[in-house]
Structure formats: structure tokens, C-alpha cells
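Colleague: Note that the working numbering has the sequence shown beginning at 40, numbered continuously upward. I am attaching a structure below and will ask some questions about it afterwards.
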Amino acid sequence: MKRVLALVLLLSACSGEPAPPKFVDTDPCTLLQSGDAGPLDSTARAGRECTYAFGSTTVTLELREGQFDDESARLQAGGGYGAVVEDRPMTRRCASSACEAVVQVREGELLGLTVTKQGEDDNVLGQTTQGLALKALERLPK
Numbered sequence: 040m041k042r043v044l045a046l047v048l049l050l051s052a053c054s055g056e057p058a059p060p061k062f063v064d065t066d067p068c069t070l071l072q073s074g075d076a077g078p079l080d081s082t083a084r085a086g087r088e089c090t091y092a093f094g095s096t097t098v099t100l101e102l103r104e105g106q107f108d109d110e111s112a113r114l115q116a117g118g119g120y121g122a123v124v125e126d127r128p129m130t131r132r133c134a135s136s137a138c139e140a141v142v143q144v145r146e147g148e149l150l151g152l153t154v155t156k157q158g159e160d161d162n163v164l165g166q167t168t169q170g171l172a173l174k175a176l177e178r179l180p181k
């Protein structure tokens, strides 16, 4: 009986669902898709950073570790302001057809975005940046 119980426990431990990928293991090129900011032309990955080309819009998304308050203060010092995306704090700074943003995923885990589109109004580009942050957050492992 003890052998059967041990075998059942062993098999149940091995047959569970695999754990979802952790934040540090997530491929940043999987977080945005065609249609998020127009048709997706190409992606280029470098470490934990992915650059997406959506027509005339270029998005660089980076998964990084750090303190949100530090990154937020840096952006706010340059004229940035705070927002909230899916109950997570975000700070963005937009100027000259480019937005830089940081979103706190969890304590110590940050999503960095840089969005550029020539000739785009900074307010519209800021809204686009916030929308892309939401899409990326929805696709991150929980």
C-alpha cells in the first residue's frame, strides 16, 4: 500500500501543468503584435529588448529590473507625468514625435517603452504609448 501511495504521489507531481515563464524569461518580441500600432513590418531582438517596426511607428519595448520610483523621477524631471494602466503606475514623457514610458509590472519589474512616429502630435503619441503598454501588460505572464 505504501508503494502504491508513493507511486501515485510521484506521478501526480510529474503530471502537473508546466509553470508559466517568469518575467525574466519572457521574450519581449512576443508582447506586441500586428495590429497593435498598424501592420507589423519587422522585429529585432537584443537581449531583453525588442524593436518593432509598425509602418511609420517604431516601438522599442524593454523588460528590465529596477525601482519604478527612480525611473519615474527621471522621466518627470524632463517634463513627464503619471498615468495608470491596468491598475499599474506608469510615467511617460513625450516630445518631438517621441514618447518614453515606464510601467511597473510588479515590485522591481519594469516595462520600458519608447515610441516614435514622425509628424505625430505628442498627445496622440502619448495615448498610443499608453495603449501599447496595456497590450504588452495583457500578454505578460501572470
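Built from N, CA and C at the ideal position, the CB exists for glycine as well. Here the structure is a predicted model, which is why all the values come from computation and not from measurement.
1. Tell me whether Ala76 sits in a helix, a strand or coil according to DSSP, three-state version.
2. Considering Cα atoms alone, identify which of Leu171, Glu125 and Gly147 is closest to Cys138.
3. Could you give the distance in angstroms between the alpha-carbon of Glu125 and the alpha-carbon of Ser81?
4. In the DSSP assignment, the beta strand (DSSP E) including Lys156 goes from what residue to what residue?
5. Along the alpha helix (DSSP H) that carries Phe62, what are the first and last residues, could you check?
6. Would you mind working out which of Leu102, Arg132 and Thr65 sits nearest Leu164, comparing C-alpha positions?
7. Gln169 to Glu159, Cα distance in whole Å?
8. Helix, strand or coil for Val47 per DSSP?
Modeller: Reading it off the structure:
1. Coil, per DSSP.
2. Cα-wise, what sits closest to Cys138 is Leu171.
3. Taking the straight line joining both Cα atoms gives about 27 Å.
4. The continuous beta strand (DSSP E) containing Lys156 extends over residues Glu148 to Lys156.
5. Where Phe62 is concerned, there is no enclosing alpha helix (DSSP H), given that its DSSP letter is neither H nor E.
6. For Leu164, the closest C-alpha among the options Leu102, Arg132 and Thr65 is that of Arg132.
7. Annotation: Gln169 to Glu159 spans about 15 Å, alpha carbon to alpha carbon.
8. At Val47 the pLDDT is 49, less than 50, meaning the model places this residue with poor confidence and gives no usable figure here.
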